[in-house]
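Heads up, the thing below is written out as structure tokens.
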Amino acid sequence: MTPRRILLVGLIILTLAAALPSGCGTPAPAPAPPPSYLSVEFTGCLATASPGSVCILDKTRRLTLWVPESIESEIKIRSGGCNLEGEGEPSDEGVRYIVTIPKGAERIEVVRTSQVGGEARWTLAVAGPRPLKKGENDVQGEINRITAMLWKSIQDLRFAEVHSGLDRLDRLAQETRLPSISRYYLAYYKGLLAGKEEDYRQALSELTRAGTIARQVNLLREAWVADEALALRWTELGRAKEVSEVYERLSKSPAAKDGCERGQLLINWAWATLLAREAGGFPVAGLAEPLPLLDRASKELRAETKCTSSLYYDLHFNRALAELQADRPKLAAEALANASAFDEGTTFFQTLWELDLEARLEIERGASRRALEIYRQLEVQARHAGSPDGQLRAAVGKAKAKAALGDSETALSLLAHAEDLLNRESLQIPLHEGRETFVSQREGVESLEIGLLLESGRNADALAAARRARTRFLIQLASAERVAGLSPSDRNVWSRAINSYQTKRGQADEMARNERFLFASQLGPNRAAQKALVAEGEHDLEQAFALLGDLPQRQTPSPPRPGELLLAFHPIQNGWVAFSSDGKRVASNAFDLTPALLQNPAALSKEVLAPFHDAILRAKRIRILPYGALREIDFHALPFDGDVLLAARPVVYGLDLAAPRRAQSRGAPKRKMALLVDDPNDNLPAARREAEITAQAIGRWKRPWDVVRLTSTGATSEAIWKNLAKADLFHFSGHGTFGGIGGWESGLRVADKGELTVGQLLVVPRSPRWIVLSGCDTARAATDTRIEGFGLANALVLAGAESVIASVRPVVDRTAPSLFGHLYGDWDGESDLAEALQQAQLAWRREMPNVDWQSFRIIEP
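In our numbering, the protein residues as written are 274 to 1134.
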């Protein structure tokens, strides 16, 4: 809200009393409420009586209201025809008021009048403090009671009970106008459940919604709880930087109820940092040091007398992992011994981690054979309990132990098994506690495998392992989107299967944990029962994933095209490695990737380009497969041979997926069609000029093309979608946006005030073969993790595009027409688009030396 608008609302409120009509002390009978066009958050009800959705006030008779803001809006709060005086302050794109409801009032009304939306109204039935009448139910109290019970059901993995309870609450919410605290509880527990079911998009959405509701009506304690739950979900997704920012803010809030909660927050903060470090390779900048966080947590716990043993276990275990990561195994062993003194309430997840840490300490001591025994124990427990994460941890650990014993071949065989586990799990949303371990360990599998292969002189196999990693991650992301895009009926089938799996997994986990209390004669039957539960759970998973169609199998990456040189990069255990491959020979160069190197293009070029100088000059084109921090490097603009790499050869950026299969045309070739969309929001005049230049250039091509142009208000989402599947070339000149978790809220702005989103573009029935996105951030991909993420360009490649030209940064509107004039002048609709872009970018650079010519990339499968 602008200062002028704040003043306007304030003046309206200050003049409410003067505008009171005569007779306000006696409320008039409330007329039938008009249709509600306004969504208002409110809190302050002692109870909510149903039927009637009556807010029963407490003795203060005060309500907190949050009203969404509109352009130049006037907001009035009325009761019985009288305007109520209240204090208004900006809050979350709206205004928050605290009003006192007069005695005898039966209804309050909020009226918002704006120049854009006209008049919108919201009403609420109210009553003074009173007991419930005969036939009335307190819906608010019932929601509070049910959600309190749901907490234990979620912790015990009884998801069928949770779904049943939330369904009941949803029905109550549809029948009753609920105060914000009840709507908060609904969103919060939906978020917790979705997180346990590994539906991360819904979990993040619901927890974000819960936090927003709480902040709107100033429920600071509830907002703190929701934000901490959100941070835990981000930890599971490996988003350490965002997690650290949230924990930094929460640690300064007074909302934690005691030292136990403050200590737990600090422990969770340290855990997020430790997991980020477990991934290895280039560190995430800006993360807090874990040991100082744990020292602060220890101080908070010692100041209390009622903190649970599980908190002390987590404190000491996290310290053990931190000390091990710092190469202080003796201190790590001491911390682990301290943790074991508090293991009465450890979860199965914690038990697996403890075994892993014990084995790693044995390797540090040189007792690799003892480590193998511990990892075998971990493998048995994980297999019987059906824990894919535990099995993966055991396979990787055994490989490390074998490598330490000098048995590289067995280590590589074990890592191949780990990679198979990874493939399976990357295609299935892992439905267990430990998503964070899966995210952090998966890079470590390839790092160890690639390093061992390089030591054995098997460069080609090492490159193949690195490339398979990239492919698997992209397929995982695509599979996750397909789950989110299921129809409502299929989603119900999915949810039921997942619920059944989770229940059986929880039962198997509990049986595995309790093995320590069994007699030897009981172990066999107990493990047989576990195995049966796991088998039933796997059947449930198969039913769920059958909805997604056939899953890709493990494949050998395709060789480079004739005349193409592939440059790929991946972290290894003690640094990074750069690969080059022309299809006949694979060369490699190990290097250290430091922050200083990333900031020095000349020095970086010496590490990643100079070792392959002759191979680059022999090639006809260069394909870049970047990873991690290198994804943000403009390789085509790095210094090379006295100029830049692009001056030497065309450069493409690959996702390393199989090229799309296209049907062979029979008979006479049909005319191809170009779809040009320009200036959908009617505010980019240069975009229209760009489209005109493009249309004229296409008209001069040797083979005639049909051109469909959608301009300004004609560029609606419906019109674009209708023509997109028919087009062979799609050129978009307009606004691109990047945002959301993992880039999922990125889109192309269209004329109907909406967007063509990543999700929509990903499932287009037939993708154009060539796509040019002349808009800001259209080639930008998510940097939440080091793996290749989603963005507009990547989504279109996954949807079947052969080549996508887009920008990784904002585009200066007035300069872009020159680039595309050269592009379509050099290209004829049939030749290599990469070569045409190369010549166009170099010509653009010559014409406009200060332009950000390197921001555009061509992205291919």
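No residue lacks a Cβ here, since even glycine has one placed at the ideal position from N, Cα and C.
Assuming proline 637 and leucine 609 make a contact with CB atoms under 8 Å, what is their CB distance in whole Å? Within the sequence shown, residue 637 is the residue found at index 364, counting from 1. Within the sequence shown, residue 609 is the residue found at index 336, counting from 1. The sequence given here places glutamate at residue 637; proline does not occur at that position. With a Cβ gap of about 12 Å, glutamate 637 and leucine 609 do not count as contacting.
Any idea which residues DSSP pairs leucine 634 with across the strands? Indexing the sequence shown from 1 puts residue 634 at position 361. In the DSSP output, where bridge partners are listed per residue, leucine 634 has none listed.
Just to confirm my understanding: we take alanine 968, look at its own chain, exclude 5 residues before and 5 after, and list those with CB closer than 7 Å. What are they? One-based indexing of the sequence shown puts residue 968 at position 695. Same-chain partners within the cutoff: Leu949, Val980 and Arg982.
Spatial neighbours of leucine 678 in its chain, beta-carbon cut-off 6 Å, leaving aside the 5 residues before and after: As a working note, residue 678 is residue 405 in the sequence shown. The beta carbon of leucine 678 lies closer than 6 Å to those of Ser641 in the same chain, with the five residues before and after it left out.
Tell me the rounded alpha-carbon separation between glutamate 635 and tryptophan 994. Taking the sequence shown and counting its residues from 1, one reaches residue 635 at position 362. Taking the sequence shown and counting its residues from 1, one reaches residue 994 at position 721. Looking at the two C-alpha atoms, the distance is approximately 60 Å.
Please determine if the segment 1099–1107 and the segment 898–914 are in contact, where contact requires at least 3 C-beta pairs separated by less than 8 Å. no
Can a CB atom of chain D be found closer than 8 Å to the CB of tryptophan 1117? Of the protein chains in the structure, only one exists, and it is not chain D.
Local Cβ density within 10 Å of threonine 624, reported as buried at 16 or more and exposed below that: Numbered from 1 along the sequence shown, position 351 holds the residue referred to as residue 624. Label assigned to threonine 624: buried.
Reducing DSSP to helix, strand and coil, say where alanine 931 ends up. Counted from its first residue, the sequence shown places residue 931 at position 658. DSSP places alanine 931 outside both helix and strand once states are collapsed to three, so it counts as coil.
8 Å Cβ cutoff met for leucine 1106 and isoleucine 1131: In the sequence shown, residue 1106 corresponds to position 833, counting from 1. In the sequence shown, residue 1131 corresponds to position 858, counting from 1. Yes, the Cβ-Cβ distance between leucine 1106 and isoleucine 1131 is below 8 Å.
Cβ neighbour criterion (16 or more within 10 Å) applied to leucine 493: By one-based count along the sequence shown, residue 493 stands at place 220. The residue is exposed, with fewer than 16 neighbouring Cβ atoms inside 10 Å.
Are the Cβ atoms of serine 1006 and threonine 1051 separated by less than 8 Å? Within the sequence shown, residue 1006 is the residue found at index 733, counting from 1. Within the sequence shown, residue 1051 is the residue found at index 778, counting from 1. Against a cut-off of 8 Å, the Cβ pair of threonine 1051 and serine 1006 comes out as no contact.
If we call anything under 8 Å between Cβ atoms a contact, is arginine 666 one with aspartate 693? Position 393 of the sequence shown holds residue 666. Position 420 of the sequence shown holds residue 693. Judged by beta-carbon spacing, aspartate 693 lies beyond the 8 Å limit of arginine 666, meaning their Cβ atoms are not closer than that value.
Within its chain, find whatever has a CB closer than 6 Å to the CB of alanine 910; leave out the 5 residues flanking it on each side and keep chain order. Here residue 910 refers to the residue found at position 637 of the sequence shown. Cβ neighbours of alanine 910 beyond the five flanking positions: Val917 and Gln1127.
Please report the Cβ distance between leucine 651 and glycine 663, rounded to the nearest whole angstrom; I am assuming they are in contact, meaning their Cβ atoms lie under 8 Å. Against the sequence shown, residue 651 aligns to sequence position 378. Against the sequence shown, residue 663 aligns to sequence position 390. Right, the Cβ-Cβ distance comes to about 6 Å (below 8 Å), so this counts as a contact.
Helix, strand or coil: which one does DSSP assign to tyrosine 900? In the sequence shown, the residue the question calls residue 900 occupies position 627. Three-state result, tyrosine 900: coil.
Would you check if there are 3 or more beta carbon pairs closer than 8 Å linking the segment 452–462 to the segment 403–423? yes
Give the straight-line distance between the Cα atoms of proline 304 and glutamate 382, rounded to the nearest whole angstrom. In the sequence shown, the residue the question calls residue 304 occupies position 31. In the sequence shown, the residue the question calls residue 382 occupies position 109. Because proline 304 carries a pLDDT of 47, less than 50, the predicted location of this residue cannot be relied on, and the following value inherits that uncertainty. Straight-line Cα distance between these residues: approximately 11 Å.
Considering only their Cβ atoms, is the gap separating glutamate 342 from glycine 359 smaller than 8 Å? What you label residue 359 is simply residue 86 of the sequence shown in a count that begins at 1. What you label residue 342 is simply residue 69 of the sequence shown in a count that begins at 1. No, these two residues do not count as a Cβ contact at 8 Å.
DSSP three-state assignment for glycine 1009, whether helix, strand or coil: For this step, residue 1009 is matched to residue 736 along the sequence shown. Reduced to three states, the DSSP call for glycine 1009 is strand.
Selected residue, minimal CA-CA separation from asparagine 996, among Ile348, Val1037, Lys975 and Ala1024: Start at 1 with the first residue of the sequence shown, and residue 996 comes out as number 723. Ranking the options by Cα distance to asparagine 996, first place goes to Val1037.
Would you kindly work out how many angstroms separate the C-alpha atoms of lysine 514 and glycine 468, rounded to a whole number? For the purposes of this step, residue 514 is taken as residue 241 along the sequence shown, with counting starting at 1. For the purposes of this step, residue 468 is taken as residue 195 along the sequence shown, with counting starting at 1. Approximately 19 Å between the Cα atoms of the pair.
Using beta-carbon positions only, say whether glycine 353 and lysine 376 come within less than 8 Å of one another. The sequence position of residue 353 within the sequence shown is 80, counting from 1. The sequence position of residue 376 within the sequence shown is 103, counting from 1. Glycine 353 places its beta carbon 8 Å or farther from that of lysine 376.
Around the C-beta of asparagine 356, are 16 or more other C-beta atoms found within 10 angstroms, so that it is buried, or is it exposed? Counting from 1 along the sequence shown, the entry for residue 356 is found at position 83. Buried, because 16 or more other Cβ atoms sit within 10 Å of the Cβ of asparagine 356.
Suppose you measure from the CA of threonine 546 to the CA of valine 718; what does that come to, to the nearest Å? Walking along the sequence shown from the start, residue 546 turns up at place 273. Walking along the sequence shown from the start, residue 718 turns up at place 445. Cα to Cα, threonine 546 sits roughly 20 Å from valine 718.
On the three-state DSSP scale, how would you describe methionine 946? Along the sequence shown, read from residue 1 onward, the residue named residue 946 stands at position 673. In the structure shown, methionine 946 sits in a strand (DSSP, three-state: E or B).
What do you reckon, are the CB atoms on alanine 1089 and alanine 970 nearer than 8 Å? Numbered from 1 along the sequence shown, position 816 holds the residue referred to as residue 1089. Numbered from 1 along the sequence shown, position 697 holds the residue referred to as residue 970. Contact: no.
For threonine 485, collect the residues of the same chain with a Cβ closer than 8 Å to its Cβ; drop the 5 residues on either side in sequence, then sort them by chain order. Taking the first residue of the sequence shown as position 1, residue 485 is located at position 212. So the list reads Asp365, once near-sequence residues are dropped.
Return the CA-CA distance between alanine 543 and alanine 733, expressed in angstroms with no decimal places. Here the question's residue 543 lines up with position 270 in the sequence shown. Here the question's residue 733 lines up with position 460 in the sequence shown. Roughly 39 Å separates the two Cα atoms.
Quick check: alanine 860 and valine 850, are their CB atoms within less than 8 Å of each other? Residue 860 sits at position 587 when you count from the first residue of the sequence shown. Residue 850 sits at position 577 when you count from the first residue of the sequence shown. Cβ atoms of alanine 860 and valine 850: not closer than 8 Å.
Smallest Cα separation from lysine 332: which of Thr373, Val653, Arg731 and Met422? Here residue 332 is taken as the residue at index 59 of the sequence shown, counted from 1. Ranking the options by Cα distance to lysine 332, first place goes to Thr373.
Are there 16 or more other CB atoms within 10 angstroms of the CB of serine 762, so buried, or fewer, so exposed? In the sequence shown, residue 762 corresponds to position 489, counting from 1. So serine 762 ends up on the exposed side.
Using DSSP bridges, identify the partner residues of proline 912. Here the question's residue 912 lines up with position 639 in the sequence shown. Beta-bridge analysis with DSSP links proline 912 to Val917.
So, is tryptophan 1117 buried or exposed, given that buried needs 16 or more other C-beta atoms within 10 angstroms? Counted from its first residue, the sequence shown places residue 1117 at position 844. Buried.
Rounded straight-line distance, which links the Cα of glycine 901 to that of leucine 1110: Within the sequence shown, numbered from 1, the residue matching residue 1110 stands at position 837. Within the sequence shown, numbered from 1, the residue matching residue 901 stands at position 628. One C-alpha to the other measures close to 25 Å.
Alpha carbon of threonine 420 to alpha carbon of glycine 438, nearest angstrom: Position 147 of the sequence shown holds residue 420. Position 165 of the sequence shown holds residue 438. The straight-line gap from Cα to Cα measures roughly 8 Å.
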